[in-house]
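Residue numbers (our numbering): 2 to 692.
Cβ coordinates follow ideal geometry from the N, Cα and C atoms, glycine included.
Computed from a prediction, not measured in an experiment: that's the story for all the values here.
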Amino acid sequence: MQRPLADPAPRARLLCAVALLGVALYSAATLAAPAVLYTTQQAARPVSVAGALLPAAPLAAQIPPPTPVTLSTPVPGDALIPRSALQAGPNSTGSWAPFALPAAVLTALSASALIIWRNLVGRRREEALQPLAMFAAEGARKIVDQNVANKGKGLPFWWQYVWQLPFTQSGPRGTPLVAGDTMQIFKHNIEQIYADMPSVDGAPLAEGDLSDLTDGTMFKGLKRYFENFGSVYKLCFGPKSFIVVSDPLIAKWILTNNQCFDKGVLAEILEDIMGKGLIPADPETWKTRRRALSPAFHKAWLDRMTQDFGRLSLRMCEKLKGTTQAVDMEERFGSLALDIIGKAVFNYDFQSSMKESAVVKAAISTLKEAEHRSMTPLPYWKLPLADVVVPRQADFKRNMALINDQLNLAIASALKNRDPADIADLEARDYDEMDNPSLLRILVDMRGEETTNQQLRDDLITLLIAGHETTASALTWAIFELTQQPELLRRVQREVDEVLGDRLPTMDDIRGLLLCRLCIAESLRMYPEPPLLIRRVLDDLTLPKGATAKFEATLKRATDIFLAIYNIHHDGRFWPNPDFYDPERFLRPYKNPEIPEWKGYDPEGWKGRLYPDEVSSDYAFMPFGAGPRRCLGDVFATLEGTVALAMVLRRFDFAFAAPTAQPDQVGMATGATIHTRNGLWMTLTPRATAA
2 MQRPLADPAP RARLLCAVAL LGVALYSAAT LAAPAVLYTT QQAARPVSVA GALLPAAPLA
62 AQIPPPTPVT LSTPVPGDAL IPRSALQAGP NSTGSWAPFA LPAAVLTALS ASALIIWRNL
122 VGRRREEALQ PLAMFAAEGA RKIVDQNVAN KGKGLPFWWQ YVWQLPFTQS GPRGTPLVAG
182 DTMQIFKHNI EQIYADMPSV DGAPLAEGDL SDLTDGTMFK GLKRYFENFG SVYKLCFGPK
242 SFIVVSDPLI AKWILTNNQC FDKGVLAEIL EDIMGKGLIP ADPETWKTRR RALSPAFHKA
302 WLDRMTQDFG RLSLRMCEKL KGTTQAVDME ERFGSLALDI IGKAVFNYDF QSSMKESAVV
362 KAAISTLKEA EHRSMTPLPY WKLPLADVVV PRQADFKRNM ALINDQLNLA IASALKNRDP
422 ADIADLEARD YDEMDNPSLL RILVDMRGEE TTNQQLRDDL ITLLIAGHET TASALTWAIF
482 ELTQQPELLR RVQREVDEVL GDRLPTMDDI RGLLLCRLCI AESLRMYPEP PLLIRRVLDD
542 LTLPKGATAK FEATLKRATD IFLAIYNIHH DGRFWPNPDF YDPERFLRPY KNPEIPEWKG
602 YDPEGWKGRL YPDEVSSDYA FMPFGAGPRR CLGDVFATLE GTVALAMVLR RFDFAFAAPT
662 AQPDQVGMAT GATIHTRNGL WMTLTPRATA A
């Protein structure tokens, strides 16, 4: 007996249509624009043809392609492959590209719905067999036979011809990525999803409701899939896919083998904002800038910054002291973090915790835009005239210009007063006596590290964005959790009372604030900032099985990877009772005998350091990433968070208030970090022991 599967729901068809249209429009931006520019000028580097849903060749596939000739044009950014990968070679487009590519886009727009639609949604195949219990064995055999017979049936007749075109071919091993590498990933995904072809990577395919990933808590959707599919699985957005890794030892292998990966799609998304800053920088630029920036975070400078953390936190507390109405503590911590990072990075006091200004609004808008872009699958802002016709992008362009003006003024001032010095001399400076002890001043003065104004600007904006997000989020969630555990809150407050009293903290005081530091660490475990890291494979490789995976995934060039830090931090196999806020868990060693490959967590592993890290936990806890590209400002952020938390806990008690009168009304949402959905509204009561 046969029972046909239900026809796909109208909602699924609508989502498919939206996806097809979106990818086609994205293709128009990435393919047609170079062709238009080609008519007016010749260039220095070749066109990227990555990003299309399908190569638009159903018509061209009937004729042999012409001999490729390199086409070059000064495209400001490329969609799915690193700029360093765009090199002329056997996969470059030919002289026919200016005419074929726009035609290909139009073909994709018009033909995809007609040719691909019936294959992608519903697939119009033979009815699937559903075995009845009494004939289970026979039914199962029929299903296996039917699946074998169905392989490849979901593909259009022209499919095989498309992938013979030159620009669809992968690049040779050991060479930079080319557009064909990304297109081959698309090909394999479409064949696996819609034609029952075997997976090339071996990873199970996560299938679920799109709302799991678009409701503002993407990391929760990834966690649900992790619980269903295991530590390594493939997540597809149409033909675009990510391999999701939730195993600490596989994450360790990826993060420490830096030469095999780059930042991938994240770098492309953020390049327009951060330029060649540390986060989106290509490997060579990253090495140069990391070498220049690392010496700046020395002890003498951190001592001075700790004093500034205290002064700016006290200023915020004084502002809050007279408040009788409910306060959004997430917003207040965000303002404090902006003030601190502005002062530390380029000696500018935003005073955002005290007042609003055009510069403050521009800075906050820029921070939000960076988050927005990091969570948007299709970079619509790369479309022609997007900064004119899209209000959000027009606002961003104006705000970015205002921020750049402020940064340029700061750079000009620092250069005017440049005092060249060796690293040893910089470390010996008396920063307490300096009017401008900022990172910018150190970078400008550092002898042997000459750089351009543009690179300085990129460094500053990257530090501004990265330095703002982590601390503000960690403080928000620490207060959220502590308010729900009054006894723990009282213990932390007693520690602050005993160590600090009403003094401003020094760096030496921070070591005495152990429980306070662990509260910040536990916030970063439960609410990691960011909840996932992104990498792209530069050459074919095989991932190790790690501690919990059941197979070794084989990844092709240009495969994108999500390292699901949230999943690792919330895995009960590594952290008992992982969803409970317990700062003192970091004082207890833990080893899981069922996972001998994992070395366990050892508190002795971070002895002498300010916080537990990836080494002490064998990569089950990565508060600041890991490997060569781990966060440069980890100590800075730990000091900042500890000081700010100590200052507010010394002076106030907290209670939930409307509109978030109950903890479950706070909610969570994903940006570059984990935010509240509705703010963290609280009433503040001055403590009797505080001055």
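Between residue 400 and residue 366, the gap from beta carbon to beta carbon is short of 7 Å. For residue 537, the beta-bridge partners assigned by DSSP are 263 and 561.
The criterion of a C-beta distance shorter than 7 Å is satisfied by residue 604 and residue 588.
Secondary structure at residue 427: helix, using DSSP grouped into helix, strand and coil. DSSP places residue 669 in the strand class (E or B) of the three-state scheme. Between residue 334 and residue 675 the beta-carbon gap is near 14 Å, outside 8 Å, which marks them as no contact. The beta carbon of residue 338 sits closer than 6 Å to those of 469, 472 and 473, all from its chain and outside the five residues before and after it, given in chain order.
For residue 242, no alpha helix (DSSP H) segment is defined; the enclosing uninterrupted segment is the beta strand (DSSP E) at 241-246. Rounded to the nearest whole angstrom, the C-alpha separation of residue 501 and residue 494 is 10 Å. Apart from sequence neighbours up to five positions away, the residues of its chain that approach residue 641 with a beta-carbon distance below 7 Å are 310, 341 and 472, ordered along the chain. The three-state secondary structure of residue 632, taken from DSSP, is coil.
Residue 556 is a Cβ neighbour of residue 538, given a cutoff of 7 Å.
DSSP places residue 238 in no alpha helix (DSSP H) but in the uninterrupted beta strand (DSSP E) bounded by 233-238. The beta carbon of residue 248 sits closer than 6 Å to the beta carbons of 232, 547, 548, 549 and 550 from its chain, once the five residues preceding and following it are set aside; these are given in chain order. Within the DSSP secondary-structure output, residue 422 pairs in a beta bridge with 447. Burial of residue 265 is indicated by the presence of at least 16 other C-beta atoms within 10 angstroms of its C-beta. Residue 164 is not bridged by DSSP to any residue. In the DSSP annotation of this structure, residue 219 is not part of any beta strand (DSSP E); the continuous alpha helix (DSSP H) holding it starts and ends at 219-230. For residue 552, there is no enclosing beta strand (DSSP E), as DSSP marks it with neither H nor E. In the structure shown, the three-state DSSP call for residue 189 is helix. With a beta-carbon spacing of about 27 Å, residue 637 and residue 685 fall beyond the 8 Å limit used to define contacts. Inter-residue distance for residue 465 and residue 224 is about 30 Å (C-alpha atoms, whole angstroms).
Between the stretch 226-244 and the stretch 275-286 there are fewer than three inter-stretch CB-CB distances shorter than 8 Å, so the stretches are not counted as touching. Annotation: the continuous alpha helix (DSSP H) that includes residue 469 extends over 454-484. Judged by pairs of C-beta atoms under 8 Å, the stretch 666-674 touches the stretch 519-533, as three or more such pairs exist. Where residue 623 is concerned, there is no enclosing beta strand (DSSP E), because DSSP gives it neither an H nor an E. Burial is judged here by how many other beta carbons sit within 10 angstroms of a residue's own beta carbon; residue 435 has fewer than 16 and is exposed. Cα atoms of residue 165 and residue 252: separation of roughly 36 Å, rounded to the nearest angstrom. Residue 315 is positioned such that its CB atom lies no closer than 7 Å to that of residue 479. Distance from residue 330 to residue 669 at the Cβ level is roughly 15 Å; contact not present, criterion being Cβ atoms closer than 8 Å.
The secondary-structure analysis by DSSP pairs residue 206 across a beta bridge with 235. Between residue 313 and residue 633, the C-beta gap is not smaller than 7 Å, which leaves the two residues out of contact. In the DSSP assignment, residue 685 falls within the unbroken beta strand (DSSP E) covering 682-687.
For the pair of segments examined, the stretch 565-580 was found to touch the stretch 593-607: the number of CB pairs separated by less than 8 Å reaches three. Taking each of 475, 433, 477 and 412 in turn and checking the Cα distance to residue 446, the smallest one comes out for 412. Residue 681 is positioned such that its CB atom lies closer than 7 Å to that of residue 477.
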